[in-house]
């Protein structure tokens, strides 16, 4: 996770709000290329890059799910590191139910953001 955050910090966010991943040699997304509209994940790399470059509002604007996921990684990296060093869970113990609630909530917010962005833009 720390590596992904470091890579995101070294990318230049795409002005269009998506396409930053192409700096890594990845192909453009199928959705906008073939269907004419972005998929729910379009803009996630851009969102991460904005956040890691201190542009919080732009990060949340281009892809709220990406913003939340990047924030989770920023919190999780030191949490997991401290947990590994101490040999026991720090602050709160990670369990399957808590993880499932977080993942389902993140997915729902990502899809809701995608629908809202499609209706507004």
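Residue numbers (my numbering): 1 to 121.
Cβ coordinates follow ideal geometry from the N, Cα and C atoms, glycine included.
Measure the Cβ-Cβ separation of residue i and residue j and say whether it is below 8 Å.
i	j	result
residue 44	residue 66	yes
residue 46	residue 20	yes
residue 109	residue 80	no
residue 42	residue 30	no
residue 2	residue 77	yes
For residue i, which residues of its own chain have a beta-carbon under 8 Å away from its beta-carbon, when the five flanking residues on both sides are left out?
i	result
residue 4	48, 73
residue 142	Residue 142 lies beyond the range of the chain shown here (1 to 121); nothing can be said about it.
Taking only the alpha-carbon atoms, compute the straight-line gap between residue i and residue j and give it to the nearest angstrom.
i	j	result
residue 119	residue 14	22 Å
residue 70	residue 12	16 Å
residue 57	residue 51	8 Å
residue 91	residue 99	15 Å
residue 107	residue 23	26 Å
residue 53	residue 87	32 Å
residue 62	residue 68	12 Å
residue 105	residue 25	31 Å
residue 38	residue 28	11 Å
residue 96	residue 89	14 Å
Cutting at 7 Å between CB atoms, please list the residues of its own chain near residue i, excluding the five before and the five after it.
i	result
residue 111	40
Is DSSP giving residue i helix, strand or coil here?
i	result
residue 61	helix
residue 72	helix
residue 23	helix
residue 56	helix
residue 122	Look at the range of the chain in this structure, 1 to 121, and you will see that residue 122 is not part of it.
residue 31	helix
residue 38	coil
residue 93	coil
Count the other CB atoms, across all protein chains shown, that sit within 10 Å of the CB of residue i; report buried if there are 16 or more and exposed otherwise.
i	result
residue 114	buried
residue 93	exposed
By Cβ distance, which residues of its chain are closer than 6 Å to residue i, with the 5 residues on each side in sequence left out?
i	result
residue 59	47, 50, 51, 67
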